[in-house]
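Peer 1: Taking UniProt numbering, the leading residue of the sequence shown gets 1, the next gets one more, and so forth.
Heads up, the beta-carbon is just placed ideally off N, CA and C, and yes, glycines get one too.
Have a look at this one before I ask anything.
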Amino acid sequence: MLDLAVKLVSSALFVAIGGLWSTYALFKITTSILHNGFKKTFANKQRRVPSLYESWKPRDEPETTETQWNHSYVTTPVSGLRFHYVWAGQCPEHISFELDGDTTLSCHVKERTTKLVLCLHGFPECWFSWRHLLREFEKRSSKDDASYFVVAMDMRGYGGSDVPTGIASYHLTQLSSDVKNVVTSLGYEVCVLVAHDWGGVVAWEVSERYPEILEGMMVLNCPHPKAGVDIATKSLRQVFIKSWYMFFFMVPALPEIYISHNNFWFLRENLNGGGKWKTTKLTSDELEVYSYSLGGASTKASINYYRALILPIYQQKDRDKRMPSATAKYPIRLVWGTQDPYMGVAMAERTKVYLPANESPNSRSEVLLVADAGHFLQQDKPHQVTHLVREFLADLYDS
1 MLDLAVKLVS SALFVAIGGL WSTYALFKIT TSILHNGFKK TFANKQRRVP SLYESWKPRD
61 EPETTETQWN HSYVTTPVSG LRFHYVWAGQ CPEHISFELD GDTTLSCHVK ERTTKLVLCL
121 HGFPECWFSW RHLLREFEKR SSKDDASYFV VAMDMRGYGG SDVPTGIASY HLTQLSSDVK
181 NVVTSLGYEV CVLVAHDWGG VVAWEVSERY PEILEGMMVL NCPHPKAGVD IATKSLRQVF
241 IKSWYMFFFM VPALPEIYIS HNNFWFLREN LNGGGKWKTT KLTSDELEVY SYSLGGASTK
301 ASINYYRALI LPIYQQKDRD KRMPSATAKY PIRLVWGTQD PYMGVAMAER TKVYLPANES
361 PNSRSEVLLV ADAGHFLQQD KPHQVTHLVR EFLADLYDS
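This is how it looks when you write it as structure tokens:
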């Protein structure tokens, strides 16, 4: 009973702190109402499937032919949830693609050693954040590309994946289990994870709960959870200024309104890094894919990730049963954009303490800093990220 009371009081404190930040959100919403009118600010736009959801080509490669995305679904028997994903590379012999819930398409090729590369997106994104990586492996510009089945999934609650209700449905226990279940449902025993932001949070959890399914892990701009706590406890600026939104997201209802108001202004402002990297700034058509994937029930679901992680009332008792990442038998690489406005480079540097020891030069765990790049690293420096992923896979399988 005492434990419950402490959790309730602590949760109320987080909500109260978030309430202070609500004044900023209310100011932005009020400004939008005064400028655009009430109706336009809160217009519930009926969105059609965006054109780039179906096909896309890199804007810096005008000679490239625009090709269709490979959309599919997988239903995991344990949770019963259906997950949407887009794939590139070489489809394995054993797989059957669920195209629309009723139609399946079997793939038959001679290659039996295809490696699964599973990509996990962050907030407030979707599978589309991996578009450059998917297109690169679709080219199969080298013979080695035929060895990889690259899958970018919509996390639970996002885009085309199922959206369970309730905050508890988005606890890390469920999110990490999703990854394991998707891997096995695709017919694999192991995979390489490539993850960003919230996908990285889940990847770190997978590395401690289900290390047996990993052959390697690359994380973009998401520190080891213990490193994050180490820095946060020493820096009020990190906690109350850079990470202000985490407190704000504890407030009921208002964060969902803030994110979706003015036709998802939040996405335009945050995914483009304030326009700092103009050469990779998202077009209106590209932004529409994110708005489409975050609309409806997905808006609340994306916020519930934070609520389930932070509010003490939702914390579970099995946190100590996990294996520490430092004991991992596979390499972990953290890649960090040094201009991240939400999390400082100190978190990346601190993560070095929690990485596994290097057993060979070609299978090393390390932290790589990318200059002149922000939080959305695969958006700001897509070609560099693609190169680093290729390099990581080559170190894993070609050494």
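1) Cβ of V182 within 8 Å of Cβ of G19?
2) Which one or two residues does DSSP pair with W56 in a beta bridge?
3) Which of the three DSSP states is assigned to V370 in this structure?
4) Mind checking P77: buried by the 16 CB within 10 Å criterion, or exposed?
5) Beta-carbon within less than 7 Å of residue 401's beta-carbon, same chain only, minus the 5 sequence neighbours each way: which residues are those?
6) Closest by CA to T23, which one among L175, V150, T75 and W244?
7) Using CA atoms only, rank isn't needed, just tell me which of T233, N304 and V289 is closest to P50.
8) Quick check: A227 and R350, are their CB atoms within less than 8 Å of each other?
9) Tell me which same chain residues have a C-beta within less than 7 Å of the C-beta of H261, skipping the five on either side of it?
10) Going by DSSP, which residues form a beta bridge with I332?
11) Hey, would you say P331 sits closer than 8 Å to G216, going by beta carbons?
12) Throw me the rounded Cβ distance for the K180 and F149 pair, which I believe falls under 8 Å.
13) In terms of alpha-carbon separation, which member of C91, Y306 and H196 lies closest to G374?
14) What three-state label does DSSP hand V194 in the structure shown?
15) Does the beta-carbon of P382 have 16 or more other beta-carbons within 10 angstroms, so that it is buried, or is it exposed?
16) Would you mind giving the Cβ-Cβ distance between V389 and L34, rounded to the nearest angstrom? I have them listed as a contact below 8 Å.
17) Is T113 helix, strand or coil when you go by DSSP?
18) Compare the C-alpha of P124 against each of T386, L294 and K300 and name the closest.
19) What's the gap between the Cα of K110 and the Cα of S147?
20) Span of the beta strand (DSSP E) holding G160?
Peer 2: Once the coordinates are examined:
1) In terms of Cβ geometry, V182 and G19 do not form a close pair [threshold 8 Å].
2) Beta-bridge analysis with DSSP links W56 to T67.
3) Correct three-state label for V370: strand.
4) Residue environment for P77: exposed (fewer than 16 other C-beta atoms within 10 angstroms of its C-beta).
5) Residue coverage of the chain in this structure runs from 1 to 399, which leaves residue 401 outside it and unanswerable.
6) When only C-alpha atoms are compared, the closest one is W244.
7) Comparing Cα positions, the closest option is V289.
8) A227 places its beta carbon less than 8 Å from that of R350.
9) Here H261 has I29, S32, T41 and F42 as same chain residues with Cβ atoms under 7 Å from its own Cβ, once five neighbours each way along the sequence are excluded.
10) The partner list for I332 (beta bridge, DSSP) reads M217.
11) In this structure, G216 lies closer than 8 Å to P331 by Cβ.
12) With 8 Å as the limit, K180 and F149 do not qualify as a contact, their Cβ atoms being about 17 Å apart.
13) If we check each option's Cα against that of G374, H196 comes out closest.
14) Strand at V194.
15) By the Cβ neighbour-count rule, P382 is buried, with 16 or more other Cβ atoms within 10 Å of its own.
16) That belief does not hold up - the Cβ atoms of V389 and L34 are roughly 45 Å apart, past 8 Å.
17) In the three-state DSSP reduction, T113 falls in the coil class, being neither helix nor strand.
18) Answer by Cα proximity: L294.
19) Low confidence applies here, because K110 scores a pLDDT of 45, under 50, leaving its location unreliable and the question unanswered by this model.
20) Premise fails: G160 is in no beta strand (DSSP E) and is neither H nor E.
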